[in-house]
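Asks:
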Amino acid sequence: MSTTQTPNVIAEMLKTMVQSRASDIHLQAGAPPTVRIDGKLKSFSNKVLMPADVEAIVRSLLTPMQQEELEYKKEMDFAYTIPGLARFRCNLLHQRGSFGLVMRVVSENIPSFEALGLPREALEGLASKERGLVLVTGPTGSGKSTTLAAMIDHVNLHFPKNIVTIEDPIEFLHRHKKSLVVQREVSVDTDSFSSGLKYAMRQDPDVILIGEMRDRETVEAAIMAAQTGHLVFSTLHTLDSLRTINRIIDFFPLHEHQQIRILLAESLLGILSQRLLPRADAQGRALALEIMLNTPFIRDMIKDEEKSLQIKDAMMHDNIRGMRTFDQHLVELYTQGQISLEDAEGSATSPHELKLMLTKFTGKGF
């Protein structure tokens, strides 16, 4: 692959990737281009990439500033856009002495709650609050960034707010609607999430989005921002609500745990925990979503370590407010024919409880 051909080759590759509904493409020396479609990896070509091929692709995508960073950085996150096609979130890495690249498709259009299969009433309720902390959690590739973009877009569309986002990299581009939207990218516009959040507090924000809470400083600043009258959105790589609460508390030393429990209980609005599962009809993936809303009852449980173990039970019996556990939604998806029993059981927080709920719901043993 010559350097003059590279831009055209990558453009055609990404165009074909988008048309095939792939979510990611992996470019590694010694292997053909590989895409992920509906959660499964598939070879994209018979041509094995050489180290020089991958390096040529990488260098064709980087700005001059990023080229300079490449001289001393071993990995890098950045965004790349092909106008009229899509935006891509890119992760550059080194492996076995050569470059590797993973690119994820980010739609140029921000989808609605309905298009994402998200419960509109619950999410609009959270996005319409004046202050507090909203967390979207789940594994990599579960759609956290897309859910957050939809929530920010709801605020932008309906309320005159000043929205500040701190992202790594910027994925969805928000145009000013009723709100002003300032989007800052880590390493480009600010040094880090914690630094960006520190200075965001001096920019007259109403709403703050933190792409990810990676360290204690960012978590602490996010809670304080929510406590002082701001609506704060962020993400964590946790699987459900209880694990999310415990993960936040574990950022801090043991002697601070009780204080953090109280601060979190008073600032938290809700936790959305999501995963994408293969559809039973093999036509894409279905969103499985746990919703925890911080009711007065749950707030008291968060403050008490022993009572916090009862949060799941409280969620299961308070679905009138829109709450549901992950396993409750798996039962709903299975009985609707959207996912297979195998995938429901394999993804359940508690396979035993899932079977009990299925038996109760269907009248059949499992």
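First residue of the sequence shown? That's 1183 in this note's numbering, and the numbers climb one at a time after it. Glycine is no exception: its CB is placed at the ideal position from the N, C-alpha and C atoms.
Can you say whether S1455 is buried or exposed, counting buried as having 16 or more other CB atoms within 10 angstroms of its CB?
Replies: On the sequence shown, residue 1455 is found 273 positions in, with the first residue counted as 1. Label assigned to S1455: buried.
Asks: Please report the straight-line C-alpha distance between V1364 and T1541, rounded to a whole angstrom.
Replies: Within the sequence shown, numbered from 1, the residue matching residue 1364 stands at position 182. Within the sequence shown, numbered from 1, the residue matching residue 1541 stands at position 359. If you take the alpha carbons of V1364 and T1541, they lie about 50 Å apart.
Asks: Looking only at C-alpha atoms, which of Q1492, L1469 and G1279 sits nearest to A1211?
Replies: In the sequence shown, counting from the first residue as 1, residue 1211 sits at position 29. Ranking the options by Cα distance to A1211, first place goes to G1279.
Asks: Can you give the Cα-Cα distance for R1269 and M1498, rounded to whole angstroms?
Replies: The residue you call residue 1269 lines up with position 87 of the sequence shown. The residue you call residue 1498 lines up with position 316 of the sequence shown. Answer to the nearest angstrom: the Cα atoms are 39 Å apart.
Asks: Quick check on R1218 - is its C-beta less than 7 Å from some C-beta in chain B?
Replies: Note that chain B does not occur in the displayed structure, where there is just one protein chain.
Asks: When DSSP builds the beta bridges, which residues end up paired with D1259?
Replies: Indexing the sequence shown from 1 puts residue 1259 at position 77. DSSP output for D1259 lists N1273 as bridge partner(s).
Asks: Where do the ends of the beta strand (DSSP E) carrying D1206 lie?
Replies: Residue numbering aside, residue 1206 sits at position 24 when the sequence shown is read from its first letter. D1206 to Q1210 is the extent of the beta strand (DSSP E) around D1206.
Asks: Using a Cβ-Cβ cut-off of 7 Å (strictly less than) and excluding sequence neighbours within five positions of G1378, which residues of its own chain qualify?
Replies: Within the sequence shown, residue 1378 is the residue found at index 196, counting from 1. Result list for G1378: I1348, R1366, V1368 and T1372, in chain order.
Asks: Nearest-angstrom Cα distance between I1352 and F1260?
Replies: The sequence position of residue 1352 within the sequence shown is 170, counting from 1. The sequence position of residue 1260 within the sequence shown is 78, counting from 1. Roughly 8 Å separates the two Cα atoms.
Asks: Using the Cα positions of L1424 and N1501, report the straight-line distance between them to the nearest angstrom.
Replies: Against the sequence shown, residue 1424 aligns to sequence position 242. Against the sequence shown, residue 1501 aligns to sequence position 319. Near 17 Å, if we compare the C-alpha coordinates of N1501 and L1424.
Asks: In or out: R1549 buried (at least 16 other Cβ within 10 Å) or exposed?
Replies: Because the chain here runs from 1183 to 1548, residue 1549 falls outside it and cannot be looked at.
Asks: Rank V1414, K1197, E1402 and L1421 by C-alpha distance to the C-alpha of E1438 and give the top, closest one.
Replies: Looking up residue 1438 in the sequence shown gives position 256. Measuring from the Cα of E1438, the nearest candidate turns out to be E1402.
Asks: At what residues does the alpha helix (DSSP H) containing L1536 begin and finish?
Replies: For the purposes of this step, residue 1536 is identified with residue 354 of the sequence shown, where counting begins at 1. Per DSSP, L1536 belongs to the alpha helix (DSSP H) from P1533 to T1544.
Asks: On the DSSP letters alone, give me the boundaries of the alpha helix (DSSP H) that L1339 sits inside.
Replies: The residue labelled residue 1339 in the question sits at position 157 within the sequence shown. K1326 to H1340 is the span of the alpha helix (DSSP H), which, as asked, contains L1339.
Asks: At the level of alpha carbons, what is the spacing between L1243 and R1506?
Replies: Mapped onto the sequence shown, residue 1243 falls at position 61. Mapped onto the sequence shown, residue 1506 falls at position 324. Each residue's Cα considered, the two are about 43 Å apart.
Asks: Could you tell me whether the Cβ atoms of L1450 and N1476 are closer together than 7 Å?
Replies: Counting from 1 along the sequence shown, the entry for residue 1450 is found at position 268. Counting from 1 along the sequence shown, the entry for residue 1476 is found at position 294. A contact, by the Cβ cut-off of 7 Å.
Asks: From the DSSP output, in three-state form, read off Q1441 for me.
Replies: Translated into positions along the sequence shown, residue 1441 becomes position 259. The answer is helix: DSSP assigns Q1441 an H, G or I state.
Asks: Return the bridge partner residues of M1285 from the DSSP annotation.
Replies: What you label residue 1285 is simply residue 103 of the sequence shown in a count that begins at 1. The partner list for M1285 (beta bridge, DSSP) reads I1207 and C1272.
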